[in-house]
Amino acid sequence: MGDLLPELEERRKKELELAEKARKKRDELNAEAKKWADKRDEFNAVARECLDKAAEHQKRRNEFNRKARDAKKKRDDIVKKISDLRAKLDKLKRNFLPRDGKPLGRLKRELKELEFKQMTMVLTPQKEKELIEILSRIKAEIDRKEKMLMQNEEIRRLVEEIEALRKESDEWHKKVEEYARRAQEEHDSMVELYDKATKARLEGDKCHQKFLDIKAMADEEHKKYLEHMRLVRDYDKIITGLKQKEAWEKKKVTYEKKIIEELFDKFKRGEKLSTEDLFMLQKAGKI
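Sequence positions in the sequence shown follow our numbering and run 30 to 316.
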């Protein structure tokens, strides 16, 4: 027993050292895992913030798209009304103007064609002069017929109404373009934020995987720590038991020595002893 106890105490010491080593490693890994968890939470917070902002841009985009649709409908309604009024105006013009000569619409088309020819073709001075004279005559004829038309009150009223509607249509068209532009800006911002959120989420997922890997390593070290501490407690029980047994045996030996000495004193004094007492003295080598 004397040799066993130091050996057990040495084993206990080694297990305690291994437990402390595992505990230290576990705590280091848990600290590292926490850093990755904090990074993960930061990326996830960025992703959530981007998604919230993207939702706001999406809401504004949808509102601008709705306004653009409403403005387009109003513009298209006005354009249709203009088209109907122009058809009515053309009919009035045809009925009002004398039937001699070319129609006003044809004159205007010829004027545009000749003006285009003048701008795009290389002409001799003579041809250029002839073309200018033709243009002047056509313009004069157009001007004469338009003045004649404007003498008609109904035609004049329709022209003014069409012009007013055209201006109103232009205003609604500007609104359509403005709303569409702003809707596109909101859409671009939304897409940019969704991309940013996706990237942040992916980085967060990487950090989370790191956290899981390191946490698993920390858990393994914790299991080692618990196992080593279990062995330490087992050694404590064994060592305590051995020490208690050793102490009890020492007490027993001391007690037996005391009994032997008392019996031997009685023997020397010639007092009567039992067979068992004599056997004990003989066994102890006293007689």
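Beta carbons: idealized from backbone N, C-alpha and C, even for Gly.
Using the Cα positions of residue i and residue j, report the straight-line distance between them to the nearest angstrom.
i: Lys244; j: Arg230; result: 20 angstroms
i: Arg20; j: Glu207; result: Residue 20 is absent from the structure shown; the chain starts at 30 and stops at 316.
i: Ala51; j: Tyr284; result: 47 angstroms
i: Gly270; j: Met258; result: 18 angstroms
i: Phe293; j: Lys315; result: 7 angstroms
i: Glu85; j: Asp99; result: 21 angstroms
i: Glu232; j: Tyr264; result: 48 angstroms
i: Asp56; j: Met246; result: 11 angstroms
i: Asp172; j: Glu139; result: 14 angstroms
i: Arg77; j: Cys236; result: 16 angstroms
i: Glu13; j: Lys274; result: No answer is possible for residue 13: the residues shown for the chain start at 30 and end at 316.
i: Leu260; j: Leu33; result: 17 angstroms
i: Lys64; j: Lys228; result: 20 angstroms
i: Leu136; j: Ile167; result: 7 angstroms
i: Asn59; j: Glu256; result: 19 angstroms
i: Phe125; j: Glu144; result: 28 angstroms
i: Lys312; j: Glu305; result: 10 angstroms
i: Arg210; j: Asp217; result: 11 angstroms
i: Glu38; j: Glu71; result: 49 angstroms
i: Thr149; j: Glu162; result: 18 angstroms
i: Val282; j: Lys253; result: 43 angstroms
i: Trp277; j: His251; result: 38 angstroms
i: Asp224; j: Asn94; result: 22 angstroms
i: Asp199; j: Val108; result: 10 angstroms
i: Ala66; j: Val75; result: 14 angstroms
i: Phe308; j: Lys43; result: 48 angstroms
i: Arg41; j: Lys279; result: 24 angstroms
i: Lys110; j: Glu221; result: 42 angstroms
i: Asp106; j: Arg186; result: 20 angstroms
i: Ile289; j: Lys272; result: 26 angstroms
i: Lys146; j: Glu159; result: 13 angstroms
i: Ser165; j: Lys141; result: 13 angstroms
i: Lys174; j: Glu182; result: 15 angstroms
i: Asn73; j: Asp81; result: 12 angstroms
i: Glu189; j: Ala226; result: 55 angstroms
Please classify residue i as buried or exposed, where buried requires at least 16 other C-beta atoms within 10 Å of its C-beta.
i: Lys122; result: buried
i: Glu215; result: buried
i: Trp201; result: buried
i: Ala97; result: buried
i: Met219; result: buried
i: Leu118; result: buried
i: Leu152; result: exposed
i: Arg104; result: buried
i: Ala116; result: exposed
i: Lys266; result: exposed
i: Arg69; result: buried
i: Ala169; result: exposed
i: Ala83; result: buried
Could you pull the start and end residues of the alpha helix (DSSP H) that residue i belongs to?
i: Gly314; result: Run containing Gly314: none; DSSP gives neither H nor E here.
i: Gly233; result: Glu182 to Lys297
i: Asp32; result: Element bounds for Asp32: n/a, residue is neither H nor E.
i: Lys301; result: From DSSP, Lys301 is part of no alpha helix (DSSP H); its letter is neither H nor E.
i: Leu178; result: Pro154 to Met179
Under the criterion of a Cβ to heavy atom distance below 8 angstroms, does residue i qualify as lining the ligand ATP?
i: Ser198; result: As for the ligand ATP, it is missing from this structure, which has no ligand bound.
_Within the segment 87 to 149, ranges of the alpha helix (DSSP H) (whole runs, at least 4 residues)_ = Runs of the alpha helix (DSSP H) inside the segment 87 to 149: 133 to 149.
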